[in-house]
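Undergrad:
Residue numbers (our numbering): 1 to 234.
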């Protein structure tokens with residue numbers, strides 16, 4: 001019998017103790033790094049950087065805002081703010097004004113950067129909310145700070161993402177909630193009231209109500225890469 005073959009069969013295979021220790025140590029380090037990254041990314045995300053338009057983009061946005069301001073007579077930043085003194089009489093009551101649609105525009109067209117730049121007028125909001133325009137899809141990223149007294153997640157910031165399909169098909173608007181994710185985890189449809197990927201106008205616009213009125217008021221809606229265009233009916 002060949003003693004050399006017997007001795008070779010008896011040799012234990014596998015890694016040495018030092019190699020096993022190295023693998024374990026590497027795994028522990030990788031797990032720590034991954035945990036720190038996930039914890040930092042999901043619970044302490046960096047604020048979004050507000051969009052800053054270049055000179056040409058500011059001019060283009062200014063022209064669009066001037067159209068709104070010329071019709072309303074109010075600057076956009078003041079449209080939802082306190083009433084200006086020019087709108088009040090000497091007795092401090094609102095001045096009457098005849099209604100007219102002679103110069104009213106029914107078309108709204110904004111780029112993604114313009115939309116986010118409008119949000120950036122509120123610096124605090126711009127650091128927590130960012131909007132993306134893609135074909136037939138409007139997406140939002142939101143950072144939600146949690147109250148320090150809240151259990152477990154108190155004092156942390158939660159990442160929320162959502163997608164809304166917005167399109168025009170067969171002459172009617174289509175509005176669908178694509179989904180909502182919390183800290184990278186997609187929420188189940190049941191938690192969203194069963195409306196995920198449901199055409200809200202088709203589902204709820206059959207009778208009188210908000211969705212029917214919304215659909216009837218839209219002539220054209222189009223979302224493309226970085227652009228939103230809406231044309232309203234009369």
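Quick reminder that beta carbons are idealized off the backbone N, C-alpha and C, glycines included.
#1: Taking Cβ to Cβ, would you say residue 142 is nearer than 8 Å to residue 128?
#2: Given a cut-off of 8 Å, decide if residue 221 and residue 145 are closer than it, judged by their beta-carbon atoms.
#3: Identify, in the order they occur along the chain, each residue of the same chain with its Cβ nearer than 7 Å to the Cβ of residue 182, setting aside the five sequence neighbours on each side.
#4: Please classify residue 112 as buried or exposed, where buried requires at least 16 other C-beta atoms within 10 Å of its C-beta.
#5: From this set, 201, 162 and 194, which residue's C-alpha is nearest residue 185's C-alpha?
#6: To the nearest angstrom, how far is it from the Cα of residue 88 to the Cα of residue 133?
#7: Reducing DSSP to helix, strand and coil, say where residue 85 ends up.
#8: Excluding the 5 residues flanking residue 74 on each side, which residues of the same chain have their C-beta closer than 7 Å to its C-beta?
#9: Helix, strand or coil: how does DSSP classify residue 149 here?
#10: Quick check on this structure: which residue in 94, 139, 193 and 95 has the alpha carbon closest to the alpha carbon of residue 115?
#11: Can you give me the start and stop residues for the beta strand (DSSP E) that residue 113 sits inside?
#12: What's the call for residue 199, buried or exposed, on a 16-neighbour Cβ count within 10 Å?
#13: On a Cα-Cα basis, can you pick out the residue from 168, 107 and 164 that is closest to residue 180?
#14: Could you check how far apart the C-beta atoms of residue 233 and residue 216 are, in whole angstroms? I think they sit under 8 Å.
#15: Keeping to the same chain, check which residues put their C-beta closer than 8 Å to that of residue 137; ignore five residues upstream and five downstream.
#16: Is the CB of residue 180 under 8 Å away from at least one CB in chain D?
#17: Evaluate residue 201 with the Cβ neighbour count: other Cβ atoms within 10 Å of its Cβ, from every protein chain shown; 16 or more gives buried, anything less gives exposed.
TA: On the basis of the data shown:
#1: Sequence index remark: in the chain shown, residue 142 carries index 142 (1-based). Sequence index remark: in the chain shown, residue 128 carries index 128 (1-based). Cβ atoms of residue 142 and residue 128: closer than 8 Å.
#2: Your numbering for residue 145 matches position 145 in the chain shown. Your numbering for residue 221 matches position 221 in the chain shown. For residue 145 and residue 221, no; Cβs fall outside 8 Å.
#3: Indexing the chain shown from 1 puts residue 182 at position 182. Excluding positions up to five away in sequence, the list reads 158 and 160.
#4: As a position in the chain shown, residue 112 is number 112, starting the count at 1. By the neighbour-count rule (16 or more Cβ atoms within 10 Å), residue 112 is buried.
#5: If you number the chain shown from 1, residue 185 lands on position 185. Of 201, 162 and 194, the residue nearest in Cα terms is 162.
#6: The count along the chain shown starts at 1 and reaches residue 88 at position 88. The count along the chain shown starts at 1 and reaches residue 133 at position 133. Taking the straight line joining both Cα atoms gives about 40 Å.
#7: The sequence position of residue 85 within the chain shown is 85, counting from 1. DSSP places residue 85 in helix when its eight states are reduced to three.
#8: Along the chain shown, read from residue 1 onward, the residue named residue 74 stands at position 74. Its pLDDT being 47, under 50, residue 74 is placed unreliably by the model, and the measurement read from it follows with that caveat. Once the five neighbours on either side are set aside, residue 74 has no close Cβ partner at all.
#9: Walking along the chain shown from the start, residue 149 turns up at place 149. Coil, per DSSP.
#10: For the purposes of this step, residue 115 is taken as the residue at position 115 of the chain shown. Among 94, 139, 193 and 95, the Cα nearest to that of residue 115 is on 139.
#11: Against the chain shown, residue 113 aligns to sequence position 113. No beta strand (DSSP E) contains residue 113, which is instead part of the alpha helix (DSSP H) from 112–119.
#12: Residue numbering aside, residue 199 sits at position 199 when the chain shown is read from its first letter. So residue 199 counts as buried.
#13: Within the chain shown, the letter at position 180 stands for residue 180. Measuring from the Cα of residue 180, the nearest candidate turns out to be 164.
#14: As a working mapping, residue 233 is identified with position 233 in the chain shown. As a working mapping, residue 216 is identified with position 216 in the chain shown. Confirmed, about 7 Å.
#15: Numbered from its first residue, the chain shown carries residue 137 at position 137. Answer for residue 137: 163, 164, 165, 166, 178 and 223, listed in chain order.
#16: Of the chains in the structure shown, none is chain D; there is only one protein chain.
#17: Start at 1 with the first residue of the chain shown, and residue 201 comes out as number 201. It counts as buried.
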